[in-house]
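Using the numbering used here, the final residue of the sequence shown is 967, and nothing's skipped along the way.
Don't be surprised by glycine CBs; every beta carbon is placed ideally from N, CA and C.
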Amino acid sequence: MKNAYFILGLILLSGLQVLQAQPLTKSSLDQNLIAARKSWANLDYVNALEYYEDAYEDSDERALIDTIAILQFKVRDYRSAERWFSRLLRRDKEEEFTKYRYTYGQLLKMNEKYAEAIEEFQLFLATNPGDSLETLAKNEISGAELALELPQNLKGVTVENAGRDLNDKVSEYTPTLSSNGKEIYFATFDADDVIYVDEENMEETYAMIYRSTLDDTDWSKPQELGGEINRPGFHNSNVRLSPDGSTMYFTRAKLQGNTVSESKIYFSKGGGDSWSGAQELKGVNGDYIAKHPTPGELYGKRVLFFASNMEGGYGGFDLYYATLIGEGEYSAPVNMGDVINTPGDEETPYYREGTLYFASTGHPGLGGFDHFYSTWDGEKWSPVLNMGRGYNTSVDDYGFTLDEEGYFGVLTSNRAGGRSAYGRTCCDDIYTVNIARIVVDLVVGTFTNDKKPLTGSTVYLVPTTNDKMGTPNAQNSGDKSNVVGFDLALETPYMLIGTHPDYYPDTVTLNTVGVKESTSLEHRFYLEPKPVPPPEPEFDTLEINEPIVLENILYDFDSDRIREEAESDLRAVLEILNDYPEMVIELSSHTDSQGGDDYNEDLSQRRAESARRWLVREGIDRDRIVAKGYGESQPQTVNARAAALADFLNEGDVLTPEFIDALETQEQKERAYELNRRTEFKILEGPTFITIKRIQKKETTKEAPDRGSLPGGKPEMKFVKEFVDFGQVRKGEQKEYTFVFYNAGDAPFTIDLISACDCTKVVNDLTGETFEPGEKGRLEIIFDSSEKDESEVIDIDIFLAESDENGAPLMKTVQYKFELVK
146 MKNAYFILGL ILLSGLQVLQ AQPLTKSSLD QNLIAARKSW ANLDYVNALE YYEDAYEDSD
206 ERALIDTIAI LQFKVRDYRS AERWFSRLLR RDKEEEFTKY RYTYGQLLKM NEKYAEAIEE
266 FQLFLATNPG DSLETLAKNE ISGAELALEL PQNLKGVTVE NAGRDLNDKV SEYTPTLSSN
326 GKEIYFATFD ADDVIYVDEE NMEETYAMIY RSTLDDTDWS KPQELGGEIN RPGFHNSNVR
386 LSPDGSTMYF TRAKLQGNTV SESKIYFSKG GGDSWSGAQE LKGVNGDYIA KHPTPGELYG
446 KRVLFFASNM EGGYGGFDLY YATLIGEGEY SAPVNMGDVI NTPGDEETPY YREGTLYFAS
506 TGHPGLGGFD HFYSTWDGEK WSPVLNMGRG YNTSVDDYGF TLDEEGYFGV LTSNRAGGRS
566 AYGRTCCDDI YTVNIARIVV DLVVGTFTND KKPLTGSTVY LVPTTNDKMG TPNAQNSGDK
626 SNVVGFDLAL ETPYMLIGTH PDYYPDTVTL NTVGVKESTS LEHRFYLEPK PVPPPEPEFD
686 TLEINEPIVL ENILYDFDSD RIREEAESDL RAVLEILNDY PEMVIELSSH TDSQGGDDYN
746 EDLSQRRAES ARRWLVREGI DRDRIVAKGY GESQPQTVNA RAAALADFLN EGDVLTPEFI
806 DALETQEQKE RAYELNRRTE FKILEGPTFI TIKRIQKKET TKEAPDRGSL PGGKPEMKFV
866 KEFVDFGQVR KGEQKEYTFV FYNAGDAPFT IDLISACDCT KVVNDLTGET FEPGEKGRLE
926 IIFDSSEKDE SEVIDIDIFL AESDENGAPL MKTVQYKFEL VK
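Here it is in structure tokens:
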């Protein structure tokens with residue numbers, strides 16, 4: 146069999162990494178371990194990980210945990226890596242693995258658990274005094290503290306994924322713009338997915354430099370530059386243009402096995418898609434890695450900044466400059482000093498009008514690589530500053546550059562939401578940066594009605610252009626503040642909604658129409674309290690496979706929509722799952738006996754999936770929750786607490802159909818049916834028993850202050866069918882469906898917004914349409930499975946212009962599910 150491997154397009158900042166892969170087969174423990182070690186030696190991290198995981202599953206060998214954790218980190222699956230390192234360190238009673246606390250702290254940062262990361266780095270420093278990573282660990286602490294202090298939004302800056310015009314599933318990296326911002330050059334592989342390589346197509350698997358042009362708001366299909374730039378047998382990347390666009394600087398890299406053995410800087414003259422034959426720069430290349438060239442100016446002379454790991458530096462990769470002495474020739478490189486360089490890596494420099502922008506892991510940052518800047522005063526560089534959120538996230542952000550005007554730029558990042566060939570954060574995408582010329586920001590404070598600061602509130606900013614509600618932007622103030630901030634678009638009206646779990650919401654309208662200069666707006670919400678919550682609960686002990694009823698997760702007849710009062714129970718389960726990262730639970734749902742067996746089983750399965758979906762949205766891995774619908778097959782057995790709340794029931798009663806039919810009143814029967822319509826959870830894997838706070842039963846009715854009612858009655862949007870099962874769907878297949886609805890109320894309603902995932906296209910735009918009482922409507926959708934990797938239940942949310950008694954917009958949700966067949 147030919148030696149085969151695949152490339153994810155991971156030309157990472159520390160060099161070029163190629164991930165190899167051999168065909169996977171199930172084998173014995175010893176064979177798995179042999180194959181795993183061989184894959185690791187070949188830097189085939191993906192298959193090494195699968196072999197080691199198979200070996201661990203067969204043997205539960207503790208010695209494999211740190212290896213699996215490291216491999217998860219190497220393939221940039223930060224969430225999985227965090228769980229494996231957590232498992233390793235919890236079992237480390239003899240403190241054999243304290244050095245891994247540094248990596249574990251990095252992962253906590255990358256997963257935005259900054260407070261926990263600080264504690265972990267402090268523990269690393271305490272247990273590893275004098276370690277070579279001490280300086281970097283202290284820097285990581287400073288970065289995590291910075292992340293807790295920085296505002297969530299950077300004023301006047303919008304960073305967005307450049308979309309499929311430029312981004313495929315493999316990595317795109319080191320983009321550069323022409324001076325007018327209408328051309329972009331970047332490096333990638335010629336693929337939209339994992340690239341499989343063998344001896345026959347080896348010559349086709351090199352990174353190449355591409356060019357795309359901007360037409361209004363759309364980028365053209367990227368075109369590979371010619372052989373003058375893209376030389377076969379080399380990975381061509383790290384592209385940068387001179388300010389006038391007439392010179393292109395880039396690198397050509399070679400591999401020895403799977404390690405970068407050579408990376409040199411080249412230049413070419415020309416423009417657009419026409420470039421002269423590239424020539425190697427003289428003076429900057431040597432027996433070291435040279436990359437990320439960018440032209441600039443120092444001491445009144447033209448220089449070239451670049452990154453290198455040459456000897457004599459401060460850490461891994463440092464930034465250097467070399468002075469131009471002739472066409473394509475530079476003086477000896479000069480290290481830029483300890484103001485810029487650190488024991489970490491400094492890379493992707495970009496110089497503009499006396500300011501040097503670059504990416505670093507050695508200055509205090511929010512995650513992995515962050516963007517920083519420093520200014521030149523003619524003699525020295527100013528202290529380095531972090532560019533803040535937007536430019537930076539909890540993962541890797543690098544390669545920032547701007548057009549000539551300085552209001553439009555690009556960068557690369559593996560932040561959440563991008564396209565990725567392997568896992569969620571494996572690969573880098575290009576992001577656009579738009580900097581507002583006029584900046585309008587809004588600061589919102591939330592207070593109690595007696596004017597005391599109210600922390601933990603959530604404020605929604607909803608654009609209402611053309612009397613239609615746009616996508617809400619939600620900001621949570623957190624536990625230490627009562628203030629949130631927003632950037633506002635110009636010429637736009639908004640609705641502002643202030644909320645808090647223990648207070649009634651309030652709304653206000655504002656707009657930026659006619660604003661001619663940068664300004665800051667303020668608003669204060671004074672919220673009215675809801676009734677006092679119940680006293681602190683008692684504690685229960687829950688053993689493995691012992692079900693506990695989540696008493697507040699109840700359902701209306703024939704519905705899988707979770708009621709508002711369910712949130713307390715789900716948050717309690719969320720807290721338990723976060724406290725026990727190895728725990729796997731079953732969420733089971735049960736129906737009453739009204740309806741057929743098949744229908745009830747399907748309904749209960751959807752109810753269980755509704756609860757699981759809520760937890761997954763809060764960050765719990767889907768594979769830690771088994772959602773199971775039992776239909777009406779397991780009637781509730783009344784416990785002491787249920788009996789105390791319903792005087793017509795006794796502890797031990799089984800709510801069978803026969804028992805319920807024998808009850809005296811319809812009210813008692815409906816209460817019994819409601820108890821059968823329940824959700825339970827039990828531990829399947831993890832601790833054998835835990836002690837938890839008792840989850841109290843909450844009242845299902847709440848009195849709200851009189852906020853007025855809709856004149857003439859109340860609208861009610863009802864769907865003939867709220868859930869559809871598409872069954873088995875092949876990846877790339879499309880499915881169409883029409884949801885039929887009608888106004889079951891006695892007042893008209895108007896559709897303001899229909900919100901769904903990118904995979905769902907609404908064919909007929911109903912926004913702005915009004916439906917009178919009794920009037921029917923049709924919502925036509927097309928589901929596209931092209932970007933789906935697993936079976937799902939998809940929500941479609943419909944927001945109405947009308948509000949409920951608390952002032953919040955009315956909303957209805959319909960769903961569809963599919964079983965993905967690849």
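**Report entry** Residues near L359 by beta carbon distance below 6 Å, same chain, minus five either side
**Finding:** These residues qualify, in order along the chain: K327.
Query raised in the report: Rounded to the nearest angstrom, how far is the Cβ of N656 from that of Y639, given a contact under 8 Å?
Result: 6 Å
Query raised in the report: How is N579 classed by DSSP in three states: helix, strand or coil?
Result: strand
Query raised in the report: Closest to P780 by CA distance: which of D724, Q739 and A332 is it?
Result: Taking P780 as reference, the option from D724, Q739 and A332 with the minimal CA-CA separation is Q739.
**Report entry** Contact set for N486: own chain, Cβ-Cβ below 8 Å, skip 5 residues either direction
**Finding:** G458, Y459, G460, D463, L464, N480 and G507
Report task. Can you say whether V908 is buried or exposed, counting buried as having 16 or more other CB atoms within 10 angstroms of its CB? Result -> exposed
Requested in this report: Please state whether DSSP places L968 in a helix, a strand or coil.
Outcome: Only positions 146 to 967 of the chain appear in this structure, which leaves residue 968 out of reach.
Query raised in the report: Where does D363 fall in DSSP's three states?
Result: Looking at D363 - three-state DSSP - the assignment turns out to be strand.
Query raised in the report: Should V555 and T577 be called a contact, given that it needs their Cβ atoms to be closer than 8 Å?
Result: yes
**Report entry** As assigned by DSSP and simplified to three states, the class of S539
**Finding:** coil
Query raised in the report: Which residues in the same chain as L278 place their Cβ atom closer than 7 Å to its Cβ, once the five residues preceding and following it in sequence are excluded?
Result: Y247
Query raised in the report: Under the three-state reduction of DSSP, which class applies to V771: helix, strand or coil?
Result: strand
**Report entry** Backbone secondary structure at G417 - three-state DSSP
**Finding:** When DSSP states are grouped into helix, strand and coil, G417 belongs to the coil group.
Query raised in the report: Mind checking if G441 is an interface residue toward chain C, Cβ cutoff 8 Å exclusive?
Result: Within the model displayed, chain C is absent; a lone protein chain is all it includes.
Requested in this report: Could you check which residue in D647, V653 and T664 has the C-alpha nearest to that of P676?
Outcome: D647
Report task. Decide yes or no for the touch test of the segment 534-552 against the segment 264-271: beta carbon pairs closer than 8 Å, at least 3 of them. Result -> no
**Report entry** Residues near H976 by beta carbon distance below 8 Å, same chain, minus five either side
**Finding:** Examination of residue 976 is not possible in this model, given that the chain is present from 146 through 967 alone.
Query raised in the report: Would you call the segment 570-585 and the segment 281-298 in contact, with 3 or more CB pairs under 8 Å?
Result: no
Query raised in the report: If you draw a straight line from the C-alpha of P802 to the C-alpha of S900, how long is it?
Result: 40 Å
Query raised in the report: Would you say G544 and Y318 are within 8 Å of each other, going by their C-beta atoms?
Result: One thing to note: G544 has its Cβ within 8 Å of the Cβ of Y318.
Query - Classification of Q879 by the beta-carbon crowding that lies within 10 angstroms, buried from 16 upward - result: So Q879 counts as exposed.
Requested in this report: Specify, as a first and last residue, the run of the beta strand (DSSP E) that L672 falls within.
Outcome: Per DSSP, L672 belongs to the beta strand (DSSP E) from T664 to L672.
**Report entry** Reference E662, options Y190, G301 and V629, closest by Cα
**Finding:** G301
Query raised in the report: Just checking my contact of L194 with L216 at CB under 8 Å: how many whole Å lie between their CB atoms?
Result: With 8 Å as the limit, L194 and L216 qualify as a contact, their Cβ atoms being about 4 Å apart.
Requested in this report: For Y818, collect the residues of the same chain with a Cβ closer than 7 Å to its Cβ; drop the 5 residues on either side in sequence, then sort them by chain order.
Outcome: Here the set comprises D737, Q739 and I805.
**Report entry** Through-space distance from F670 to R221, alpha-carbon basis
**Finding:** 42 Å
Query raised in the report: Any idea if F963 is buried or exposed, counting beta-carbon neighbours within 10 angstroms, 16 or more meaning buried?
Result: Buried, since its Cβ has 16 or more Cβ neighbours within 10 Å.
Query raised in the report: When the distance is taken between beta carbons, is G513 closer than 8 Å to M862?
Result: no
Report task. Would you kindly report the start and end of the unbroken beta strand (DSSP E) that includes I765? Result -> Unbroken run through I765: none, as it is neither H nor E.
Report task. Ignore the nearest five residues each way along the sequence and tell me which others in R1013's own chain have a CB closer than 6 Å to its CB. Result -> The question about residue 1013 has no answer here: the residues shown for the chain are numbered 146 through 967.
Report task. Measure the beta-carbon distance from F886 to G922 and round it to whole angstroms, keeping in mind my assumption that it falls under 8 Å. Result -> Between F886 and G922 a beta carbon distance of about 5 Å is seen, short of the 8 Å cut, so the two are scored as contacting.
Report task. Please name the residue or residues paired with E305 in a DSSP beta bridge. Result -> T577
Query raised in the report: Roughly how many whole angstroms lie between the Cα atoms of S948 and L955?
Result: 5 Å
Query raised in the report: Which residue spans inside the segment 245-299 form an unbroken alpha helix (DSSP H) run of at least 4?
Result: Taking 4 residues as the minimum length, the alpha helix (DSSP H) runs contained wholly in the segment 245-299 are 245-255, 259-272 and 279-294, in order along the chain.
Report task. Spell out the partners DSSP gives S357 in its beta bridges. Result -> Paired residues: I329.
Query raised in the report: Which one of K876, F916 and E881 has the shortest CA to CA distance from T895?
Result: F916
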